[in-house]
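Reviewing the structure listed below.
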Amino acid sequence: YCSVKCQKEHRPKHKRICKKRAAELRDEILFKQPESSHFGDCPICMLPMPLDVKKSSMTACCSKRICDGCVYTNQKREFEERL
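Taking the working numbering, the leading residue of the sequence shown gets 144, the next gets one more, and so forth.
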């Protein structure tokens with residue numbers, strides 16, 4: 144804006160749009176996943192590995208770490224399929 148006066152005069156015209164966009168930006172910042180951790184990504188779900196090593200497990204078959212979410216999902220699948 145060229146001046147504070149100009150900004151104040153223009154505000155009623157775009158107030159609703161600005162509030163909506165501010166809420167969108169706030170949500171993007173709040174719910175943004177980290178790009179990666181120094182442990183890399185889970186090879187199954189491709190989400191960043193948790194920083195707490197107690198929240199991931201080493202697989203016996205390939206010696207890779209997978210997140211507990213994938214461990215839980217696999218255990219649930221095995222139970223449901225009675226493997």
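Virtual Cβ for every residue (Gly too), placed ideally from N, Cα, C.
What you are looking at is a predicted structure, and each value in this text was computed from that prediction instead of being measured.
Arg-159 sits in a helix when the DSSP states are folded into three classes.
In the structure shown, the three-state DSSP call for Arg-225 is coil. Contact check between the region 183 to 192 and the region 210 to 221: three or more CB pairs, one atom from each, fall below 8 Å, which counts as touching. Measuring C-alpha to C-alpha distances from Asp-195 to each of Asn-217, Cys-149, Cys-204 and Ile-209 identifies Ile-209 as the nearest. Met-201 is classed as exposed because its beta carbon has fewer than 16 other beta carbons within 10 Å across all chains shown.
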